[in-house]
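What follows is a short report on a single structure.
There are 2 protein chains.
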Amino acid sequence: MAGEGNHFVGVDFGGTKILAGVFSPSFKLLKTVKLSTKAERGVEAVIERIARAVRDAVDEADLDLKQIRAVGLGAPGAVDSEGGRVIYAINVGWENVPLKKELEKRLGLPVFIENDCKASALGVYHIELKSKPRSMVGIFLGTGVGGGLILNGELHAGENFAAGEVGHMVIDADGAKAGRAARGSFESLASRTAIFHRIKMAVKDGQKTILTEMLGPDLEDMRSGDLRRALRRGDKLVEKVIAEAATHTGVAVANLICVLGPEVVVLGGGVIEALGEEMLPVIQKRAQELLLPGTSNDVRILLSQLGDHAGISGAAVLAQARSK
Amino acid sequence: MAGEGNHFVGVDFGGTKILAGVFSPSFKLLKTVKLSTKAERGVEAVIERIARAVRDAVDEADLDLKQIRAVGLGAPGAVDSEGGRVIYAINVGWENVPLKKELEKRLGLPVFIENDCKASALGVYHIELKSKPRSMVGIFLGTGVGGGLILNGELHAGENFAAGEVGHMVIDADGAKAGRAARGSFESLASRTAIFHRIKMAVKDGQKTILTEMLGPDLEDMRSGDLRRALRRGDKLVEKVIAEAATHTGVAVANLICVLGPEVVVLGGGVIEALGEEMLPVIQKRAQELLLPGTSNDVRILLSQLGDHAGISGAAVLAQARSK
Numbered sequence: 001m002a003g004e005g006n007h008f009v010g011v012d013f014g015g016t017k018i019l020a021g022v023f024s025p026s027f028k029l030l031k032t033v034k035l036s037t038k039a040e041r042g043v044e045a046v047i048e049r050i051a052r053a054v055r056d057a058v059d060e061a062d063l064d065l066k067q068i069r070a071v072g073l074g075a076p077g078a079v080d081s082e083g084g085r086v087i088y089a090i091n092v093g094w095e096n097v098p099l100k101k102e103l104e105k106r107l108g109l110p111v112f113i114e115n116d117c118k119a120s121a122l123g124v125y126h127i128e129l130k131s132k133p134r135s136m137v138g139i140f141l142g143t144g145v146g147g148g149l150i151l152n153g154e155l156h157a158g159e160n161f162a163a164g165e166v167g168h169m170v171i172d173a174d175g176a177k178a179g180r181a182a183r184g185s186f187e188s189l190a191s192r193t194a195i196f197h198r199i200k201m202a203v204k205d206g207q208k209t210i211l212t213e214m215l216g217p218d219l220e221d222m223r224s225g226d227l228r229r230a231l232r233r234g235d236k237l238v239e240k241v242i243a244e245a246a247t248h249t250g251v252a253v254a255n256l257i258c259v260l261g262p263e264v265v266v267l268g269g270g271v272i273e274a275l276g277e278e279m280l281p282v283i284q285k286r287a288q289e290l291l292l293p294g295t296s297n298d299v300r301i302l303l304s305q306l307g308d309h310a311g312i313s314g315a316a317v318l319a320q321a322r323s324k
Numbered sequence: 001m002a003g004e005g006n007h008f009v010g011v012d013f014g015g016t017k018i019l020a021g022v023f024s025p026s027f028k029l030l031k032t033v034k035l036s037t038k039a040e041r042g043v044e045a046v047i048e049r050i051a052r053a054v055r056d057a058v059d060e061a062d063l064d065l066k067q068i069r070a071v072g073l074g075a076p077g078a079v080d081s082e083g084g085r086v087i088y089a090i091n092v093g094w095e096n097v098p099l100k101k102e103l104e105k106r107l108g109l110p111v112f113i114e115n116d117c118k119a120s121a122l123g124v125y126h127i128e129l130k131s132k133p134r135s136m137v138g139i140f141l142g143t144g145v146g147g148g149l150i151l152n153g154e155l156h157a158g159e160n161f162a163a164g165e166v167g168h169m170v171i172d173a174d175g176a177k178a179g180r181a182a183r184g185s186f187e188s189l190a191s192r193t194a195i196f197h198r199i200k201m202a203v204k205d206g207q208k209t210i211l212t213e214m215l216g217p218d219l220e221d222m223r224s225g226d227l228r229r230a231l232r233r234g235d236k237l238v239e240k241v242i243a244e245a246a247t248h249t250g251v252a253v254a255n256l257i258c259v260l261g262p263e264v265v266v267l268g269g270g271v272i273e274a275l276g277e278e279m280l281p282v283i284q285k286r287a288q289e290l291l292l293p294g295t296s297n298d299v300r301i302l303l304s305q306l307g308d309h310a311g312i313s314g315a316a317v318l319a320q321a322r323s324k
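Written out as structure tokens, the structure reads:
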């Protein structure tokens, strides 16, 4: 089995959706296909859906599977990239799934898998930053918070492929708990889950927000974009909650700069895509306050422009790098 | 100028003392000499004292400077290892000192300098762990808190030589401030300075401790060893303060494991030398509670046995590595 083509497919596989993108040999994105994950149908069904997303995207691009060299995929949770297994992925309920082997069987193509945030970091580093910095910290704020480290030009895997879990860093040991995240962890303070939770609690406490006019009293189906719209209409509650999340993000950024000394820190993920422009000045200010004078305070802190395409781009980069 | 010999001198240069050790070609420690730093006498005088400590140690070992290949030195603060400059070192009041050049002029030998905690990490990694793990995080609890990262067998310098400043990680954004450290930083919660501060505050608040019997009501000249003695006599206040510092250290250890995925975490420094056995179980317990199941929770967390000699050992390793 070998991919004979020179195109790549990158897949971003998450708790709610599967996004597959077809890339040209020079990493131009040709077409994408999005399917919902439907994790509740079980592992087998989801793997079949991933394979279908790949086939459909290739067809959308007027290509044939034979024109694909390899498929890369970013999966949520802990991923054994070398062994091709998802060790566990809480938000789809997977444990020890040999995803690489199962997809290769279905597609007849080489498949390479990686943690979704590590894949996104690869995408940001190689596609967006053209592999120029020596080192980069990628931080992705979405439903949860994840990250990926590029050190000396290489993705840092860590023992047991466990490096880069920046969302689990405790930054406020006395802080609030949200969802599954550890008490006071970065994720429990700045993920979309945490932000939505704080807004809902504030509304229950009787605080006013335009969001209840927009979405109804229970704030059902709230999305990050709703927060952006509320912010731009001058909503004080949303402003406060987003500023708090940004301040916490600034602390996490400073921590990572102190420990790793990267050349650049890039922020991405759904929360940043929607609210990054509003959050960046607060993040930068808080990080600068905490950094040592004369050393780390000239590290660039940027917003990724890849948005939703960071994951598929990075997965395609992975496919290329591993199939060489 | 070239060192013709095959022995090495390692120097640990700190706020209160200068320790120089002479090592055989196989890194057996032959002799040490300790001088007080006397930072108040100015940069020139301190550099002269460092040179004297090196000469005296070589003489103590019945050797001649000609039998030394190179000198390595760990200095406090931010060190430009390649340029041979101490960028700044708060606790001796130095800024932008060309220490390498000045010492080479005085000694007629190649001198290599590094941040003191990075040097200690090198010593622990190469001398104590025989360079076996692929990656190691070294954490040193003393007057302040510093660290050194070994990734893929190499010391990770970071941009501007600023990596490894683990003491500046904020782990409790609502936490107490101590000394110069940032609010809620690991250093402000678990350094000797922080521990002593908490004990003194508690005594002022009227809490009882054997320490006042041992040292008088103002707890003058308190040392880490006094805390160990108090602990072993069942002192409840010291027990509580040390347990808190150990709990905070456990949080920092878990954070570094999440981000870096090291094979081993080694704890050292004066606080650990005196109190490590009492602190380790608390540190390990807290770290395990915070780590993700199935991935990082089998990372080994150890106490360095090098004690006060970690710095000079690592400086000697540096001297060897750089003079090859």
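Chains A and B, in that order, are what the protein sequence lines are. Numbering of the first sequence is given in the working numbering, commencing with residue 1 and proceeding in unit increments. Numbering of the second sequence is given in the working numbering, commencing with residue 1 and proceeding in unit increments. A virtual CB, placed ideally from N, CA and C, is assigned to each residue, including glycine. Predicted model only: the values in this text are computed from it and were never measured.
Buried/exposed call for residue i, threshold 16 Cβ in 10 Å
i	result
K118(B)	buried
N255(A)	buried
R69(B)	buried
H7(B)	buried
G138(B)	buried
R85(A)	buried
D249(A)	Note that residue 249(A) is Thr in the sequence shown here, rather than Asp. That one is buried.
P217(B)	exposed
M358(A)	Lying before the first or after the last residue shown, residue 358(A) is absent from chain A, which here runs from 1 to 324.
A51(B)	buried
M201(A)	exposed
R192(B)	buried
Candidates the options: closest to residue i by CA position
i	options	result
S135(A)	F161(B), G72(B), D116(B)	F161(B)
R232(A)	I210(A), M222(A), H248(A)	I210(A)
K66(B)	A75(B), L275(B), V54(B), M222(B)	V54(B)
V92(A)	G42(A), G148(A), L280(A)	G42(A)
A325(A)	K38(A), A39(A), E40(A), G72(A)	This structure cannot settle anything about residue 325(A), because the visible part of chain A is limited to 1 through 324.
E239(A)	V299(A), D12(A), W94(A), E278(A)	E278(A)
G83(A)	F186(A), K101(A), K105(A)	K101(A)
H197(A)	M214(A), H248(A), V241(A), G158(A)	V241(A)
L267(A)	K34(A), I90(A), F140(A)	F140(A)
S24(B)	A316(B), R300(B), G234(B), R322(B)	A316(B)
G307(B)	S81(B), K28(B), I113(B), E128(B)	E128(B)
V251(B)	I47(B), D235(B), V282(B), G276(B)	V282(B)
N96(B)	G77(B), L35(B), I301(B)	G77(B)
T143(A)	S224(A), L99(A), S36(A)	S224(A)
A39(A)	A75(A), T193(A), G314(A), L63(A)	A75(A)
K324(A)	P110(A), G14(A), S131(A)	P110(A)
Distance between beta carbons of residue j and residue i, contact taken as under 8 Å
i	j	result
K31(A)	E60(A)	4 Å
V58(B)	V9(B)	7 Å
D172(B)	G184(B)	4 Å
S81(A)	E104(A)	About 15 Å; that fails the 8 Å criterion.
G14(B)	D116(B)	7 Å
Contact with chain B by residue i, beta-carbon distance below 9 Å
i	result
F161(A)	yes
S120(A)	no
G268(A)	no
D116(A)	no
R291(A)	For the record, residue 291(A) in the displayed sequence is Leu; it is not Arg. Cβ-Cβ to chain B under 9 Å: yes for L291(A).
N255(A)	yes
L151(A)	yes
E165(A)	yes
G83(A)	no
V299(A)	yes
I283(A)	no
Segment limits, alpha helix (DSSP H) that includes residue i
i	result
R85(B)	Unbroken run through R85(B) is the beta strand (DSSP E), 85-89; no alpha helix (DSSP H).
E48(B)	43-60
CB contact check: residue i to chain A, cutoff 9 Å
i	result
R134(B)	yes
C258(B)	yes
H168(B)	yes
D128(B)	Strictly speaking, residue 128(B) in this sequence is Glu, with Asp absent from that position. So no, E128(B) is outside the interface.
A61(B)	no
Span of the beta strand (DSSP E), counted from its first residue to its last, around residue i
i	result
M136(B)	136-141
V33(A)	29-36
V264(A)	264-268
I195(A)	No beta strand (DSSP E) contains I195(A), which is instead part of the alpha helix (DSSP H) from 192-204.
N96(B)	94-97
H7(A)	7-13
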